[in-house]
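Residue numbers (my numbering): 687 to 960.
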């Protein structure tokens, strides 16, 4: 796809992969509509862009449906209708086993990682269809391919993104809108900020975000719906397809045991966290 003068929407653009997407799309001539919940981080991304790049920066929470609709209206009014939407915004899970996770944290992960994708997609889809071409890029994870210990909340959100996007791809099959589902492996971003996930991040989050961004952007508009990219991603993809679940569970436990947070004992007759 030629991105010259096309309006590209990127959520979670304040840092990490969102910032890498913004810089690469700008290099390819796109006009950018960026959002993030962190105003300072979003300003930092905008400051890295060439002053000649048309940029609209909007601070809002993607979990807020109303804010997403208002953002879409603002983009259409100030930049023109969107051609590409990259649903990149996401937060980490609690890094603890299911019985030690707080329901409120689980709900927040689902609201941002899954509902945020749905809200933004629905807000911009009319613009894409009216424009006669375009693309929706939804970021799942390799944890949307396999379930891993101490990440049940995050896995649930990314499996949900996968299911939503696969269904959306079928629904839009006979339209000019291409749909792409991204399963990144270990990308070196700052998503893992909790003490519980520090060891995991140090071992697995190693792929340069700029390289991953280029791979994804090169595929937009093409025939590849599922894009598996980043450290360890191909190995995980094949394991998810080839290994029976009991075997996969043992492999995953053996691989991840050294980096799991061990501060939450299995409840024995008591109540789980409320």
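All C-beta atoms, glycine included, are put in the ideal place defined by N, C-alpha and C.
Note that the coordinates shown come from a computational prediction; the quantities given were computed from them, not determined experimentally.
Whole-angstrom distance between residue j and residue i, CA atom to CA atom
i: residue 719; j: residue 765; result: 8 Å
i: residue 747; j: residue 739; result: 24 Å
i: residue 784; j: residue 690; result: 46 Å
i: residue 972; j: residue 835; result: Since the first residue shown for the chain is 687 and the last is 960, residue 972 is missing from the structure and cannot be characterised.
i: residue 839; j: residue 693; result: 33 Å
i: residue 939; j: residue 769; result: 42 Å
i: residue 712; j: residue 736; result: 8 Å
i: residue 924; j: residue 763; result: 45 Å
i: residue 851; j: residue 733; result: 32 Å
i: residue 707; j: residue 918; result: 21 Å
i: residue 782; j: residue 790; result: 14 Å
i: residue 730; j: residue 932; result: 45 Å
i: residue 922; j: residue 832; result: 8 Å
i: residue 900; j: residue 795; result: 27 Å
i: residue 930; j: residue 845; result: 18 Å
i: residue 878; j: residue 815; result: Only weak support exists for where residue 878 lies, its pLDDT of 49 falling under 50; the coordinates are left without a value.
i: residue 725; j: residue 741; result: 15 Å
Those residues which DSSP pairs with residue i across a bridge
i: residue 717; result: 693
i: residue 913; result: 868
i: residue 863; result: 820
i: residue 747; result: Paired residue(s): none; residue 747 is not in a bridge.
i: residue 722; result: 745
Selected residue, minimal CA-CA separation from residue i, among the options
i: residue 842; options: 797, 732, 909, 711; result: 797
i: residue 767; options: 817, 715, 793; result: 817
i: residue 829; options: 730, 695, 916, 731; result: 916
i: residue 848; options: 800, 894, 807, 808; result: 800
i: residue 749; options: 928, 757, 742; result: 757
i: residue 723; options: 866, 775, 894; result: 775
i: residue 704; options: 786, 760, 824; result: 824
i: residue 809; options: 906, 751, 920, 897; result: 751
i: residue 697; options: 862, 728, 688; result: 728
i: residue 860; options: 819, 894, 900; result: 819
i: residue 803; options: 714, 780, 772, 902; result: 772
i: residue 897; options: 699, 858, 709; result: 709
Where the alpha helix (DSSP H) through residue i begins and ends
i: residue 899; result: 895-905
i: residue 926; result: 919-928
i: residue 933; result: 931-942
Residue range of the unbroken beta strand (DSSP E) whose run includes residue i
i: residue 740; result: Where residue 740 is concerned, there is no enclosing beta strand (DSSP E), given that its DSSP letter is neither H nor E.
Cβ-heavy atom distance, residue i to the ligand PLP, below 8 Å
i: residue 898; result: With respect to the ligand PLP, the structure offers nothing, as it holds no ligand at all.
Completely contained alpha helix (DSSP H) runs for the segment 804-857, where each covers 4 or more residues: Within the segment 804-857, the complete alpha helix (DSSP H) runs of at least 4 residues are 838-857.
Item to complete: Report the residue ranges of all beta strand (DSSP E) runs contained in full by the segment 760-808; include only those spanning at least 3 residues, in chain order.
Response: Here the runs fully enclosed are 770-773.
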